[in-house]
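Enquirer: Can you read through this structure? Questions will come right after.
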Amino acid sequence: MAGEDKVHFFDITSINEGPLKAWSPNTFRTRLVLNFKRIPYTQSFLSYPDIAPTLQSLSVPPVTKQYVPYALPAIIHKPSLSAKNPTHFAISDSLQIALHLESAFPAPEYPSLFPTPASYPLAMAVLKLMTEIMAKQSPIGLPKVPAYLDPRGQEYFNRTRAQLFGKPLPELAARGDELERVWEAVTEILSTLGTMLRGEPGKQKTGPFFEGDKAGYADLLVAAFMVWYSRNDRNDWERIMSVGEGEFQRLWDACLPWLDGQGEEIEWEVPKA
Numbered sequence: 001m002a003g004e005d006k007v008h009f010f011d012i013t014s015i016n017e018g019p020l021k022a023w024s025p026n027t028f029r030t031r032l033v034l035n036f037k038r039i040p041y042t043q044s045f046l047s048y049p050d051i052a053p054t055l056q057s058l059s060v061p062p063v064t065k066q067y068v069p070y071a072l073p074a075i076i077h078k079p080s081l082s083a084k085n086p087t088h089f090a091i092s093d094s095l096q097i098a099l100h101l102e103s104a105f106p107a108p109e110y111p112s113l114f115p116t117p118a119s120y121p122l123a124m125a126v127l128k129l130m131t132e133i134m135a136k137q138s139p140i141g142l143p144k145v146p147a148y149l150d151p152r153g154q155e156y157f158n159r160t161r162a163q164l165f166g167k168p169l170p171e172l173a174a175r176g177d178e179l180e181r182v183w184e185a186v187t188e189i190l191s192t193l194g195t196m197l198r199g200e201p202g203k204q205k206t207g208p209f210f211e212g213d214k215a216g217y218a219d220l221l222v223a224a225f226m227v228w229y230s231r232n233d234r235n236d237w238e239r240i241m242s243v244g245e246g247e248f249q250r251l252w253d254a255c256l257p258w259l260d261g262q263g264e265e266i267e268w269e270v271p272k273a
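Residue numbers (UniProt numbering): 1 to 273.
Structural data, given as structure tokens:
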């Protein structure tokens, strides 16, 4: 089991190895937070069907009442979480995890996710845009996910997404003119983010981040999306990086030190049904 002093992080497994094993844009938000803040952590990778029983065994409440009520990321950290509830020491939801880790591992000892008074509202604005882009890009990105999942994860992902969209996942994939329309919608949101990254017109901006040379949670949200596409389809990733005036490439390059960080991997014993 995970050591109680370190944060223990649950990620979604894949057939890839090393740093490439991590792929999910949602769990990458937490991985990037841990790496950016330089928080010591251990990690376990779970197959999709093992997520619900694992989180239920840890008394983590469902994040939704819809088709997939339990989702990753999730963390365990008894020293900080048990202070709030002695019997519950695990949480899920990437934003709630980020806010908790920011409080439990504060600046100046640990880099802040919200380095200025503007950082939190900025991050919430970027989160809204990323939520929109995740919905718009579904016909591009989602059908490619099963290719790198483990067999049990493939079956689960195909079945649950078919229930969500009302059609088999391969039929969701956009093609031809429809694909270009989807890309236009995605590019429109990316262009808004690119404008935000460039900063106020007429003023010289220093640094590749939304707040110039100060990295924060807003930057990590975009980086998590970009790293998923780098795993998903390199051509699609290059198309994303080509939007704007090079600001996404500069952000990507600046975030590279936090992309590949790994905790000590621990095999988690999944509760029997």
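Even for Gly, the Cβ is constructed at its ideal location relative to N, Cα and C.
Should the region 185–195 be called in touch with the region 227–245, which here means at least 3 C-beta pairs below 8 Å?
Expert: In short, these stretches touch, since the Cβ pair count reaches three.
Enquirer: Classify residue 24 as buried or exposed, calling it buried when 16 or more other Cβ atoms lie within 10 Å of its own Cβ.
Expert: Per the 10 Å Cβ criterion, buried.
Enquirer: Measuring CA to CA, which of 183, 73, 109, 38 is closest to residue 235?
Expert: Cα-wise, what sits closest to residue 235 is 183.
Enquirer: For residue 181, does the count of other Cβ atoms within 10 angstroms reach 16, so buried, or fall short, so exposed?
Expert: Residue 181 is exposed by the Cβ-count criterion.
Enquirer: Helix, strand or coil: which one does DSSP assign to residue 8?
Expert: The answer is strand: DSSP assigns residue 8 an E or B state.
Enquirer: List the DSSP bridge partners of residue 41.
Expert: Paired residue(s): 7.
Enquirer: Hey, would you say residue 9 sits closer than 9 Å to residue 34, going by beta carbons?
Expert: Yes.
Enquirer: So, is the C-beta of residue 139 closer than 9 Å to a C-beta in chain D?
Expert: Included in the structure is just one protein chain, with no chain D present.
Enquirer: Taking 9 Å as the cut-off, decide whether the C-beta atoms of residue 268 and residue 46 are in contact.
Expert: Yes, the Cβ-Cβ distance between residue 268 and residue 46 is below 9 Å.
Enquirer: On a Cα-Cα basis, can you pick out the residue from 49, 207, 161, 7 that is closest to residue 316?
Expert: Nothing in the structure corresponds to residue 316, since the chain is present only between 1 and 273.
Enquirer: What number of angstroms, rounded off, separates the C-alpha of residue 5 from the C-alpha of residue 16?
Expert: Taking the straight line from one Cα to the other gives about 29 Å.
Enquirer: So, helix, strand or coil for residue 230, using DSSP?
Expert: Reduced to three states, the DSSP call for residue 230 is helix.
Enquirer: From residue 2 to residue 196, what distance separates their C-alpha atoms?
Expert: Because the pLDDT of residue 2 is 45, which lies under 50, any placement of that residue in the model is unreliable, and the number read from its coordinates should be weighed accordingly. In a straight line, the C-alpha of residue 2 is about 40 Å away from that of residue 196.
Enquirer: Assign residue 18 to buried or exposed, taking buried as 16 or more other Cβ atoms, counted over all protein chains shown, within 10 Å of its Cβ.
Expert: By the 10 Å Cβ count, residue 18 comes out exposed.
Enquirer: Using 10 angstroms around the beta-carbon of residue 20, count the other beta-carbons present and answer buried if the total reaches 16, otherwise exposed.
Expert: Residue 20 should be labelled exposed.
Enquirer: Leaving aside the five residues before and after residue 82 along the sequence, list all residues of the same chain whose C-beta is less than 6 Å from its C-beta, in chain order.
Expert: Excluding residues within five positions, the ones whose Cβ falls inside 6 Å are 89.
Enquirer: Return helix, strand or coil for residue 155, following the three-state DSSP convention.
Expert: Helix.
Enquirer: Among 74, 67, 68, which one has its Cα closest to the Cα of residue 59?
Expert: With distances taken between Cα atoms, residue 59 lies closest to 74.
Enquirer: Measuring alpha carbon to alpha carbon, tell me which residue in 130, 98, 171, 166 is nearest residue 110.
Expert: Answer by Cα proximity: 98.
Enquirer: State the beta-bridge partners of residue 212 as determined by DSSP.
Expert: For residue 212, which the question treats as bridged, DSSP gives the partners 209.
Enquirer: If you follow the beta strand (DSSP E) that residue 90 is in, where does it begin and where does it stop?
Expert: It spans 90–92 - the beta strand (DSSP E) in which residue 90 sits, taken as one unbroken run.
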